[in-house]
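> Okay, here's the structure, questions in a sec.
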Amino acid sequence: MKVRTEGLTRTFRVGSSEIAAVDRVDLEINEPDFIAIVGRSGSGKSTLLNLIGLNDRPTSGKIFIDDADASQLSSSQRRNTRLFRMGFVFQTFNLFPILNALENVELPMALAGKPRGLQSERATSLLKAVGLDKRLHHRPKQLSMGEMQRVAVARAMANNPEVIIADEPTGELDSGTAFEIITLLHDINRKDRKTVIIATHDEKIVALADAVYAIHDGKMKIQN
Amino acid sequence: MRTALCVVGVVLATTFIVAAGATTMRYTTVIKEISVLFNGQVMVVSSGTIVIQAVPIGGGMLPQNLTDSKVRSIVGVEKTVPILFLTPIGIGGALQAVPVNFSIGIPVDSWSFIIGPTPLKGDGGHFPSNASSSEVVAGASLADEHGWTVGTKIVVNGYQLEVVGILDTKLALLNRCVLMSLELAQKVYNYPESVNVITAKPSQGYSEKGLADMIEGNVTYVNALTEDERNDMIQPVLSQMETWNLGLEAAIFLLSLILVMTVTTMSVSERRRDFATLDAIGAPLSYVLKIVIVEASLIGVLSGALGLVSGSLGALILASVFTNIPLTQFFPSIFEIVPPLYMVEMFLSVVLVCCLGGAVPAVNAARTRIAEVLRAEY
């Protein structure tokens, strides 16, 4: 999946003033790049990822997905794009507490209408790939943070998306576990040829990235 | 814990609605079905007597022979039946909120004319055939309550009477009455040569209304009531009761709806992140709506089922309290007091109310966006 933005802007009204969380950002991400978006807390990284991931609408500017203007998509088309073409990994994992690891990974496939048998088979294989084949029936509460993030990565891969969007995936993890997750995402990029876009301030991720975009007060500052 | 308290709240609401609703419905049904008793006949009572459908309340007695011959002599009267209709019959003697025991004295040749083709239970029973005998026929409910069977001797006002048949009828009034010959009733209750009702059947070609007018014109001390007039007297009261009941049901359902809506809203707001994540991973709106509405409807299913059980029990207890009839006697007739159709109606109403209570929180859940949740968290 190729993603391109043109003058992408997202503003929020705080009291009487208007703050630009993302301010006229132009960027281009090709397949299968491993992209890092860096910046301090509040710099606009998450807002930019939400816009790219079609979870938010820009105040102005455009997002093109495979050269098609995503702003023209209906809510339902945006939802389908997220479901079938994108996978999301969050800083706080965002697993469903009442579902076990297997069910958490099966869920996107169930939403996509995949057959029950296939859901179970693929979820098991994905969890095995992230090293959790012995924790299939554990609920999030029974897993360590690193394990929860592995389940989240497996869930993001469930519908075989073209792009993985990860918002500070190592933010809650110790350095050893963080390294495992970084390696996992890097392997997905290299072996499975998936585009991976990560908002982070983890130096290890920056070191592995094909391109690094730095964002400061909503403006794109540096591009390597 | 919060959901459990919500279920308890809706169970209590359902209990109250079912108990009060079934009791009111049963009461109005019983009152309405009494009109079957003197169907198509003019009911002649003394002036000042209040008539509820076919039951005379208060008022004076009529001199039997004088009044009967005066009414019978009016052109357009095909047949008259003098009746002594008394309540209560004095068994138990406890204060009752509604009349539950009746004594009816009818001339022995007029049984079928008044009570229709009502059969007797089991073999060996018969209607009193002799005006001067001490034989009586009892309603099944009254007989069950006192353990009467064919051949049982009972004492009323010092007279020993013999039960010679048990009426097999669904009609509540007949179920709770002792039927005997008019002469015996006059003797037992000390109303010699007196009756309080005379029914007059119009001849062919004569209307009830026309006949009633003629009777009132010719016999100055009586009121002659047609079936419509008798219905009209009680209908406004019954309608008002039904309206009050509906209003009460609506108010309680509204409170239940607010309760379910509040609890579901709290539950949704606690799980904003989950709903936002569902949206982020591409779950259709209908999926999120379904989750919340199914949760709310489960509260309805559980509360509805428990509320129906406790409400039905409540209706039986109310019936027992109002009539002084032992509770156990109502168990076999639970589906007459709380009809199955009413149970289904109430159950579906409770589930519907809970679904409606979940609708607004469900829409809020479906509108939760990950960007908003993350912004609020960071």
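Note that the protein sequences, when read in sequence, are chains A and B. Number 197 in the numbering used here belongs to position 185 of the first sequence; there are no gaps in the numbering. Number 616 in the numbering used here belongs to position 377 of the second sequence; there are no gaps in the numbering. Cβ coordinates follow ideal geometry from the N, Cα and C atoms, glycine included.
Return the residue from the list I31/A, M160/A, G129/A that minimises the CA-CA distance to P109/A.
Among I31/A, M160/A, G129/A, the Cα nearest to that of P109/A belongs to M160/A.
> Let me check understanding here. Comparing Cα to Cα, which of V283/B, E374/B, Q292/B lies closest to L477/B?
It is Q292/B.
> Which residue comes first and which comes last in the beta strand (DSSP E) that contains I31/A?
Its beta strand (DSSP E) spans residues 29-41.
> Among E481/B, G390/B, V548/B, whose alpha-carbon lies nearest the alpha-carbon of T268/B?
Ranking E481/B, G390/B, V548/B by Cα distance to T268/B puts E481/B first.
> In chain order, what are the residue ranges of uninterrupted alpha helix (DSSP H) at least 4 long that sit wholly in the segment 104-155 of chain A?
Runs found: 113-123, 128-141.
> Starting from the Cα of L485/B, find the closest Cα among M264/B, Y445/B, P475/B, A243/B and give me that residue.
It is M264/B whose Cα lies nearest to the Cα of L485/B.
> Can you give me the start and stop residues for the alpha helix (DSSP H) that L494/B sits inside?
That run of the alpha helix (DSSP H) goes 466-509.
> Would D68/A pass as an interface residue toward chain B - the criterion being a Cβ-Cβ separation below 8 Å?
D68/A counts as touching chain B.
> Any beta carbon of chain B sitting closer than 8 Å to that of F76/A?
It does not; no Cβ of chain B falls within 8 Å.
> My output table needs one value for M282/B: the three-state DSSP class, helix, strand or coil.
Strand at M282/B.
> In the DSSP assignment, find the beta strand (DSSP E) that holds T17/A and state where it starts and stops.
Segment 15-26, the beta strand (DSSP E) holding T17/A.
> Would Y581/B be called buried (16 or more neighbouring beta carbons within 10 Å of its own) or exposed?
When all chains shown are included, Y581/B counts as buried.
> For the beta strand (DSSP E) containing M582/B, list its first residue and its last residue.
Note, M582/B: premise wrong, no beta strand (DSSP E); alpha helix (DSSP H) at 579-605.
> Could you give the DSSP three-state label for A211/A: helix, strand or coil?
Strand, per DSSP.
> Judging by CA-CA distance, which residue of K74/A, M121/A, N201/A is the nearest neighbour of D38/A?
Considering only alpha carbons, the answer is K74/A.
> Strictly under 8 Å for the Cβ-Cβ distance: is I609/B near chain A by that measure?
Yes - at least one Cβ of chain A is within 8 Å of the one on I609/B.
> Taking the CB atoms as reference points, tell me whether L185/A and G143/A lie closer together than 8 Å.
No. Outside cutoff.
> Decide if M232/A is buried, meaning its Cβ has at least 16 other Cβ atoms within 10 Å, or exposed.
M232/A comes out buried.
> Short of 8 Å in beta carbon distance, which residues of its chain neighbour E145/A, apart from the five on each side in sequence? Order them along the chain.
Checking the sequence shown, residue 145/A turns out to be Asp, not Glu. Excluding positions up to five away in sequence, the list reads T136, L139.
> Would you list the residues sitting across from C416/B in a DSSP beta bridge?
Paired residue(s): F341/B.
> Is it the case that the Cβ atoms of D199/A and S55/A are separated by a distance below 8 Å?
Cβ atoms of D199/A and S55/A: not closer than 8 Å.
> With distance defined between alpha-carbon atoms, name the residue in N171/A, T17/A, D214/A nearest to G125/A.
Looking at the Cα atoms, N171/A is the closest of the given residues.
> CB R128/A to CB P70/A, shorter than 8 Å?
Going by C-beta atoms, R128/A is not nearer than 8 Å to P70/A.
> May I have the straight-line CA-CA distance separating S551/B from T254/B, to the nearest angstrom?
About 8 Å.
> Can you give the beta carbon distance from G260/B to E488/B, rounded, assuming they're within the 8 Å contact cut?
Indeed, because the Cβ distance is near 6 Å, the residues count as touching under 8 Å.
> Check for me: the alpha helix (DSSP H) holding K203/A runs from which residue to which?
Looking at the DSSP string, the run of the alpha helix (DSSP H) that includes K203/A is 187-203.
> Report all residues from its chain with a CB closer than 6 Å to the CB of H385/B; omit the five preceding and five following residues, and keep chain order.
Counting only Cβ-Cβ distances below 6 Å, and skipping sequence neighbours, we find nothing.
> Take every Cβ of the segment 502-511 of chain B, pair it with every Cβ of the segment 526-537 of chain B, and state whether three or more of those distances are shorter than 8 Å.
As far as the Cβ criterion goes, the segment 502-511 of chain B touches the segment 526-537 of chain B, which means the pair count is three or higher.
> Do three or more CB pairs link the segment 269-276 of chain B to the segment 559-568 of chain B at distances below 8 Å?
Verdict: no, contact absent.
> Consider the Cβ of V100/A: report whether some Cβ of chain B lies at a distance smaller than 8 Å.
Position check: residue 100/A holds Phe in this sequence, whereas Val was assumed. Yes, F100/A counts as interfacial toward chain B.
> Hey, F46/A and L220/A: beta-carbon distance below 8 Å or not?
Going by C-beta atoms, F46/A is nearer than 8 Å to L220/A.
> In terms of residue numbering, what span does the alpha helix (DSSP H) encompassing H365/B cover?
Counting along the chain, H365/B falls outside any alpha helix (DSSP H), and DSSP gives it neither H nor E.
> For my contact list, Y460/B and S286/B are in at a C-beta cut-off of 8 Å; report their separation, rounded to the angstrom.
Confirmed, Cβ separation roughly 6 Å.
> I'd like to know if A605/B contacts chain A, where contact means its C-beta is closer than 8 Å to some C-beta of that chain.
So, not an interface residue.
> Three or more C-beta pairs under 8 Å: does that hold for the segment 307-316 of chain B against the segment 385-403 of chain B?
Not touching, per the Cβ criterion.
> Report buried or exposed for P571/B, applying the criterion of at least 16 other Cβ atoms within 10 angstroms of its Cβ.
So P571/B counts as exposed.
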